[in-house]
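One structure below.
Residue numbers (mature numbering (1 follows the signal peptide of the UniProt record, and there is no 0)): -21 to -1, 1 to 403.
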């Protein structure tokens, strides 16, 4: 019996690691993924066009109102029986040219609102860039560490499947008890179930990353984590107040609230200006005027602000200005809370990561060698062997998850402050 176990264990430790298929595989570093994302992401392209659209509206706001031309011609002279008479003695022509002049700086105020609309479109673009870039980086790390964990399961399920096959052959010959074979099959089933969960997660991450990069779904994306991206950042040197200040300078969603509040102030100024009536300037030529022939006259026109002084719109604009400022203040508090929460998570995960002995896995590997020695000395049985086998798998997976959690918390802090704090 022990000879059989020793033979099986030798097969297990000597079995090579199962690798991923390399066909149609695109290997990407994080820098390469971000570059492709900025160039190919369709959502970014569509949102960036919104900036160009608002720039066109801004250009339109600069234009003056068109002049108005009025021409009047006598169609029929009943006395001379002439149709469309053009001679001066028997016809009448009137030409009027009118231009509307906006007073109280309405044109400049409308232009200011159009420019703020362009700023708001710019804010939406960069906030979308921040959000999608956060999704890209977190998905990139999650996919990388999921693939690393899957390699552990690929190796264990492959080697354990061979082990079960060998034990089945020995059981059929009556050399292995049923309880040992059943224990191995149960453990293999658990490994297979856990591997299937990882495969589903891997499929989701692959699909999400492909959409962000606008890549073909048929291509397998394989993240490559460079050493410069896995170094320990100086989390202990970060200061919460400085992080909050950085967020206030770099969060474009907060800037959008501020621009919206500024636009409401601009709209209030415009509504007050609209209470001032505009001036209409007119020039008139009358060929056969009742006063003298070839009459030329100029005139001005203006509405009298007796009843409608735009009171309702001014009051509504004042309320919206106050409401927008309060919304900005509330969102500022929300941003500070986001930074504080993300910073606390980074401190917690970084503390756990730093206290973890990174030599643990190497020590555990040497421990497995000791277990092998004891097994050869017939000091352990198949139950103890599986316990150590499971412990080794668990330690690999937990350390892998710890690294992923740490990178996810760092990216959450980057997202909260609106910029990348750690470039290495």
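Using N, Cα and C, we set each Cβ at its ideal position, and we do this for glycine too.
Bear in mind that the values here come from a model prediction, so they are computed numbers and not experimental data.
Range covered by the alpha helix (DSSP H) that runs through residue i
i           : result
residue 189 : 157 to 192
residue 105 : 85 to 151
residue 374 : 361 to 396
residue 17  : 9 to 19
Presumed contact (8 Å Cβ cut-off) between residue i and residue j, rounded CB distance
i           : j           : result
residue 231 : residue 397 : 7 Å
residue 192 : residue 394 : Wrong, their Cβ atoms sit about 19 Å apart, outside the cutoff.
residue 5   : residue 44  : Residue 5 to residue 44, Cβ: 56 Å. No contact.
residue 401 : residue 389 : 6 Å
residue 83  : residue 252 : 4 Å
residue 104 : residue 30  : 6 Å
residue 311 : residue 240 : About 11 Å separates the two Cβ atoms, so there is no contact after all.
Best match in the options for proximity to residue i [C-alpha to C-alpha]
i           : options               : result
residue 73  : 53, 89 and 19         : 53
residue 288 : 257, 117 and 310      : 257
residue 406 : 217, 77, 51 and 76    : With the chain covering -21 to 403 only, the question about residue 406 has no answer from this structure.
residue 77  : 277, 261, 382 and 335 : 261
residue 186 : 177, 176 and 197      : 197
residue 136 : 83, 98, 22 and 167    : 167
residue 95  : 35, 158, 59 and 298   : 35
residue 273 : 59, 263 and 279       : 263
residue 271 : 31, 68, 49 and 60     : 68
residue 280 : 223, 81, 229 and 99   : 81
residue 220 : 381, 319 and 60       : 319
residue 249 : 265, 226, 293 and 238 : 293
residue 75  : 32, 369 and 266       : 266
residue 12  : 92, 63, 48 and 115    : 115
residue 426 : 101, 23 and 90        : No answer is possible for residue 426: the residues shown for the chain start at -21 and end at 403.
residue 379 : 278, 126, 139 and 285 : 126
residue 384 : 122, 9 and 365        : 122
residue 366 : 155, 162, 109 and 14  : 162
residue 7   : 300, 199, 169 and 172 : 199
residue 215 : 153, 332, 113 and 254 : 332
residue 146 : 46, 48, 164 and 97    : 164
residue 324 : 299, 377, 386 and 301 : 386
residue 327 : 381, 369, 316 and 314 : 381
residue 255 : 183, 93 and 85        : 85
Bounding residues of the beta strand (DSSP E) (the contiguous stretch that carries residue i)
i           : result
residue 232 : Here residue 232 belongs to no beta strand (DSSP E); instead the alpha helix (DSSP H) covers 231 to 253.
residue 214 : Element bounds for residue 214: n/a, residue is neither H nor E.
Buried or exposed by the 16-neighbour rule on C-beta atoms within 10 Å, applied to residue i
i           : result
residue 202 : buried
residue 360 : exposed
residue 107 : buried
residue 282 : exposed
residue 60  : exposed
residue 158 : exposed
residue 18  : exposed
residue 392 : buried
residue 41  : exposed
residue 63  : exposed
residue 102 : buried
residue 246 : buried
residue 329 : buried
residue 363 : exposed
residue 152 : exposed
residue 334 : exposed
residue 118 : buried
residue 303 : buried
Residues that DSSP places opposite residue i in a beta bridge
i           : result
residue 278 : 261
residue 304 : In the DSSP output, where bridge partners are listed per residue, residue 304 has none listed.
residue 271 : None; residue 271 has no bridge partner.
residue 76  : 48 and 262
residue 61  : 56
residue 202 : 7
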